[in-house]
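So for the sequence shown, numbering that gives the first Met the number 0 puts the first residue at 0; every next one is plus one.
Every residue, glycine too, gets a C-beta built ideally from N, C-alpha and C.
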Amino acid sequence: MFSEQQSLMSNEKQKCNEYGYVEVQKSGERLREMGPGTVFGELAILYNCTRTASVRAITDCKLWAIDRPCFQSIMMFTGIQKQTEYVKFLKSVPTFKDLNLEVLGKVAVVLGSEHYEPDEYVIREGERGNTFYIITGGKVKVTKNRGNEFNEQFIRYMTRGDWFGEKALTDEDVRTANIIAMPPRGVDCLMLDRDSYNVLIKDLVSFERSYPDEKPTISQREKQFSEIKLSDFTVVSTIGIGGFGRVQLVYLNKDKRQCFALKKLKKHYIVETKQQEHVINEKNILMETNHEFIVKLYRTYKDQRYLYILLEVCLGGELWTLLRNSTAFDDSTARFYSACVVEALNYLHRRGIVYRDLKPENLLLDSQGFCKMTDFGFAKRIGYGNKTWTFCGTPEYVAPEVILNKGHDFTVDFWALGILMFELLTGTPPFTSSDPMKIYNIILKGINTIEFPKSITRNAQCLIKKLCRDAPAQRLGARKSGIIEVRNHAWFEGFDWNGLIARTIQVPITPKISSPTDLSNFDSYSEEEELPPEDTTGWDKDF
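Next up, the structure:
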């Protein structure tokens, strides 16, 4: 219950108004009034966000509320329960019973569901079909036509766990019987069509990992820098800033030619926004990676106010800045930067790591013009065949399954790659709005609702649409061969992958860098910094 004039907003809850009236205010201005049945605060159950308006009761109100941890726990539990149930159904079918759990999990993701009312025909004898069905609830009767469709002979009943139409998965099937939903409730079915079967099962039935079982090796870089103290560096200037803190260009006092990027994180802010796990993940993952197109981490430091991450510096600046100054890239330039990302993602995925924060702002150019992935705050080691449930990422790049809290895996990175390609070729992502909730609604309508500019070639458009399919298991890169599918797409035809990996390929844009401390490729930032509160809770003892 809320009384008149009481403020209703809290940072982690979504509310639904059962009775009474509230008003929405922003900067003291009254925007609108809301009555019974309205919902507000929906972004708060997805991620930790700053309220953009105030809501105040103007009459006595009764509200229903759900907080973020509760909502996410419910979605995770129901998602896992649904996935487990679908896999159990699949294992009962001879066609699928010998497949391993990873493959069954991929099939379960693309299963459709449909309800048929009592006396409704699910399939009719003589029709051509391409869909296989598993009954999850209710009952059907099977009949055959005796001379004509008005004279049917009863064959048998089928109930939960039974299936029909399996021939349609492998051949052009002419239905040999009628399947009719029965009273009183009709029937609920899971469905798999032939195209999905061909994409998934034919390629995966003999599934063997195309990657080795790799155990992470402890980086030698930290040992190399173990004797170097934080006081051994001098700050040149700030090259990036955000709510977490800032990134500074620093050099080693004993050798000013050795420059690094020092990421300085406010411990108090990390705790306040509940990002401890993400920060620890970033450190652990970067210490274990060693790839030409991923920024290197050398070591970490900490004090009572900050965590410090010493990183490889990329003086070419952010790809986003380059894109902003160019408006959009041509096909060849976009292909080069996309290829760098493809190689980095391939490296991560082979090690069971999902990145989850692909965007031009997180891609840096080194002194030679090659593109490197940075900011691993949302990266996570999930292993193979597993899902994770945390809502994270930049709104314009978030995949549908993340928005819907269905659980996600490596395929969110394929989705983001398609969005990145679109942005590189046009200057803006395909799904945009000033309101994150509107962005999510547009994303859920699908990539096929987006009008592609004529400047995007047919091959580029084809690749983007294949990467941004709604069903994760149907995205290019989701099958056995992984991201090799992306490499082999027509848009990359003729691209010198070996030259890219060897760094012998001609880069499209070479940054102008005059010295190891040249800041000309970065925006300018104020060096004024308010000292944050100390944090002595000890959560960072292993950092």
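Here DSSP, grouped into helix, strand and coil, assigns Lys81 to helix. Of the residues Leu518, Phe243 and Glu271, the one whose Cα lies closest to the Cα of Leu264 is Phe243. For Phe413, the enclosing alpha helix (DSSP H) starts and ends at Thr410 to Thr425. Under DSSP, Gly136 takes part in a beta bridge, and its partners are Asp187. Ser91: not part of any beta strand (DSSP E); DSSP gives it neither H nor E. Counting the other CB atoms within 10 Å of its CB gives Asn404 a total of 16 or more, which places it among the buried residues. Restricting attention to Gly125, Leu191 and Gln152, the CA atom closest to the CA of Ile134 is found in Leu191. Boundaries of the alpha helix (DSSP H) harbouring Arg323: Leu318 to Ser325, taken from the DSSP string.
Measuring C-alpha to C-alpha distances from Val21 to each of Leu318, Asp66, Met33 and Tyr439 identifies Met33 as the nearest. Secondary structure of Met74 (DSSP, three-state): helix. Less than 8 angstroms separates the beta-carbon of Leu364 from that of Leu321. Around the beta carbon of Leu416, 16 or more other beta carbons sit within 10 angstroms, so the residue counts as buried. Under DSSP, the beta-bridge partners assigned to Thr299 are Ile308. Excluding five sequence positions before and after Leu530, the CB atoms of its chain that fall closer than 8 angstroms to its own CB belong to Arg304, given in chain order. Ranked by how close their Cα comes to the Cα of Pro429, the residues Phe409, Gly406, Ile455 and Thr410 have Ile455 in first place.
Relative to Gly78, the option among Phe328, Trp388, Ile238 and Thr516 whose CA is nearest is Trp388. Distances from the alpha-carbon of Gly445 to those of Arg474, Cys258 and Asn458 put Arg474 closest. Within its own chain, the residues whose Cβ lies closer than 6 angstroms to the Cβ of Ala470, once the five positions on either side in sequence are excluded, are Val109, listed in chain order. Cβ contact annotation for Val173 (same chain, cutoff 7 angstroms, sequence separation greater than five): Gly125 and Arg127, in chain order. Apart from the 5 residues on each side of it in sequence, Arg468 sits with its Cβ closer than 7 angstroms to the Cβ of Arg474 in its chain, given in chain order. Taken in chain order, the complete beta strand (DSSP E) segments of 3 residues or longer contained in the stretch 330-382 are 362-364 and 370-372. Nearest Cα to Val234 within the set Glu226, Lys228, Tyr250 and Arg220: Tyr250. Listed in chain order, the non-local C-beta contacts of Trp490 below 6 angstroms within the same chain comprise Asn458, Ala459 and Leu462, local neighbours out to five positions each way being set aside.
For a cut-off of 8 angstroms, the C-beta gap from Tyr85 to Leu189 is around 7 angstroms, short enough to register as a contact.
Only residues of its own chain outside the window of five on either side were considered, and among them Asp534, Thr536 and Trp538 have a CB closer than 8 angstroms to the CB of Val270, listed in chain order. By DSSP's assignment, Tyr18 forms a beta bridge with Lys61. DSSP places Phe328 outside both helix and strand once states are collapsed to three, so it counts as coil. Ranked by how close their Cα comes to the Cα of Asn197, the residues Thr169, Glu484, Gly104 and Ala398 have Thr169 in first place. Scanning Lys81, Asp408, Ala378 and Phe521 for the CA closest to the CA of Ile293 turns up Ala378. The distance from the Cβ of Lys140 to that of Phe153 is about 6 angstroms, consistent with a contact at the 8 angstroms cut-off. Three or more beta-carbon pairs drawn from the stretch 382-399 and the stretch 338-357 are found closer than 8 angstroms, and the two stretches are therefore classed as touching. When DSSP states are grouped into helix, strand and coil, Val246 belongs to the strand group. Arg245 and Trp63 have their C-alpha atoms spaced approximately 39 angstroms apart. When secondary structure is reduced to three states using DSSP, Ile227 falls in the coil class, being assigned neither helix nor strand. Listed as beta-bridge partners of Cys258 by DSSP are Tyr250. The bridge partners DSSP lists for Asp192 are Thr130.
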